Amino acid sequence: MPSVITDTQLMEHVLKLGDEHPPIRMDSADFTVKNPALMREKFGGVLDYLARVELEVDRNVLELLTILPHASEIDRVFYQDVWYDQEMAHGYILDRLKDEMGLAPAEPYLEVKMGLKALGALAHFEPIHDVVRCIYYLTGASTERQAVMAYNSFSKQLLEMGEKAVARTIINPIKRQEPGHFAFYRMSAEKLVQDGLRPWQLYLARLLRKTSYALVGTNRSNDYKAQMGEVITKLGFDEQLEQYAKEIGRLEARLLWASEQGMDFPPYVLAALRESVDLYRDRGTFEAA
230 MPSVITDTQL MEHVLKLGDE HPPIRMDSAD FTVKNPALMR EKFGGVLDYL ARVELEVDRN
290 VLELLTILPH ASEIDRVFYQ DVWYDQEMAH GYILDRLKDE MGLAPAEPYL EVKMGLKALG
350 ALAHFEPIHD VVRCIYYLTG ASTERQAVMA YNSFSKQLLE MGEKAVARTI INPIKRQEPG
410 HFAFYRMSAE KLVQDGLRPW QLYLARLLRK TSYALVGTNR SNDYKAQMGE VITKLGFDEQ
470 LEQYAKEIGR LEARLLWASE QGMDFPPYVL AALRESVDLY RDRGTFEAA
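Once you know that position 271 of the sequence shown is 500 in the numbering used here, the rest is easy, because the numbers rise by one and skip nothing.
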């Protein structure tokens, strides 16, 4: 494992994120779309998914308040003072872009599920709380890595289409903020394991991760999974699912499954990707209009 990570380093990283990456202003975005019909055809479902997931941060914060009753000051500053405002700004701008293209507003899923409420009740016990923190950090890292890859591919395809205004003033500014979020989750997970999770805690984290893993924004719904499959396909990841799984699953393979030599990613990551792509191929393009 890399050099020892300290609370001071983590807080400095969080404060730097807030200082250097304020929420993107609506008036900084150029919503000019040269070919709205082609954009709707190619990326209507992708935009709906991205806008919805960013706006579901409202629910994500409620979930964090539920499952982390003893959240550290660092975690609270990150998700309340930095991450929330950045991500919601992403959602508002993407939803405005949808409107400019003649698409219906995103409909974020905002219900906190009972399973998380039950987990939050157990998390009042400190040893369980640490396991939940581990799951939170790994989920965040996987989510942000998916975001980085999605926005990178989306920007490239928009530029190839000649949609420079959208790529340069909307998608690129968003994608510049996501790596800092990933770094926070990665450092936090590494520090938690470095500080000494007990074997039974690591076992429980592996069990929970194996049974509850889900791709960002799928919310245990086959409809949302199919939409994620569309995103994977439209952004060009469907023919390289194993490489994609490696990108989004390598951190937890290293931290949770270190005893499994040669594991590039946990099998449940690839299984989730394949399920989403298969559902999309069965159901067809998501109707975003």
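Built from N, CA and C at the ideal position, the CB exists for glycine as well. Computed from a prediction, not measured in an experiment: that's the story for all the values here.
As assigned by DSSP and simplified to three states, the class of methionine 330:
coil
Under the assumption that glutamine 406 contacts glutamine 315 (Cβ atoms under 8 angstroms), give the Cβ distance between them as a whole number of angstroms.
5 angstroms
Give the C-beta separation of isoleucine 303 and aspartate 236 to the nearest angstrom, bearing in mind that I take them to be a contact with Cβ-Cβ under 8 angstroms.
6 angstroms
Indicate the three-state DSSP secondary structure (helix, strand or coil) for alanine 518 in the structure shown.
Only weak support exists for where alanine 518 lies, its pLDDT of 43 falling under 50; the value from the coordinates is given anyway. Here alanine 518 sits in coil by DSSP.
Can you tell me which of Ala370, Leu433, Gly458, Ala394 puts its alpha carbon nearest to the alpha carbon of proline 408?
Ala370
With 16 other Cβ atoms within 10 Å as the buried cut-off, status of phenylalanine 354:
exposed
Please report how far the alpha carbon of valine 243 lies from the alpha carbon of glutamate 249, in whole angstroms.
10 angstroms
Cα separation between glutamine 430 and arginine 415?
18 angstroms
Own chain residues within Cβ distance below 7 angstroms of leucine 345, not counting five before or after:
Closer than 7 angstroms at Cβ, skipping near neighbours: Glu292, Thr295, Ile296.
Applying the criterion that 16 or more other CB atoms from any shown protein chain within 10 Å of the CB defines a buried residue, is alanine 280 buried or exposed?
Around the beta carbon of alanine 280, 16 or more other beta carbons lie within 10 angstroms, which makes this residue buried.
Anyone know if the C-beta pair for aspartate 256 and isoleucine 399 falls short of 9 angstroms?
no
Enumerate, from N- to C-terminal direction, the unbroken alpha helix (DSSP H) stretches of 4 or more residues contained entirely within the segment 393 to 462.
With a minimum length of 4 residues, the continuous alpha helix (DSSP H) runs that stay inside the segment 393 to 462 are 401 to 423, 428 to 441.
Pick out whichever of Val377, Tyr278, Gly273, Thr447 has its Cα sitting closest to the Cα of serine 505.
Thr447
May I ask you to report which of helix, strand or coil DSSP gives alanine 188?
Since the first and last residues shown for the chain are 230 and 518, residue 188 lies out of range.
Taking the straight line between their C-alpha atoms, what separation do you get for lysine 300 and histidine 319?
Here residue 300 turns out to be alanine, not lysine, going by the sequence shown. Each residue's Cα considered, the two are about 25 angstroms apart.
Could you compute how far the alpha carbon of valine 306 sits from the alpha carbon of glutamate 241?
11 angstroms
Straight-line Cα distance separating asparagine 401 from serine 384:
Near 7 angstroms, if we compare the C-alpha coordinates of asparagine 401 and serine 384.
For alanine 474, report the span of its alpha helix (DSSP H) as first-last.
470 to 484
Are glutamate 471 and leucine 499 touching if we call contact CB-CB under 9 angstroms?
In this structure, leucine 499 lies closer than 9 angstroms to glutamate 471 by Cβ.
Please determine, among Lys404, Val377, Ser450, Tyr497, the residue with the shortest C-alpha to C-alpha distance to lysine 342.
Minimum Cα-Cα distance from lysine 342 among the listed residues Lys404, Val377, Ser450, Tyr497 corresponds to Ser450.
Same chain, Cβ closer than 7 angstroms to leucine 480, neighbours up to 5 away in sequence not counted
The residues are Leu367, Ala370, Arg415, Ala418.
Give me the Cα-Cα distance between glycine 349 and leucine 437, rounded to the nearest whole angstrom.
14 angstroms
Is the beta carbon of tyrosine 497 sitting closer than 9 angstroms to the one on tyrosine 442?
Contact: yes.
Across the segment 385 to 395 and the segment 333 to 340, are there enough close Cβ pairs to call them in contact, namely three or more that are closer than 8 angstroms?
no
Are the Cβ atoms of tyrosine 278 and valine 460 separated by less than 9 angstroms?
yes
Under 7 angstroms Cβ to Cβ from arginine 362, same chain only, skipping five residues before and after it: list those, please.
Leu297, Leu421
To the nearest angstrom, how far is the alpha carbon of isoleucine 322 from that of glutamate 392?
16 angstroms
Determine the DSSP secondary structure at glycine 465, reduced to helix, strand or coil.
coil
Identity of the residue in Gln469, Gln456, Arg254 nearest arginine 325 by Cα
Arg254
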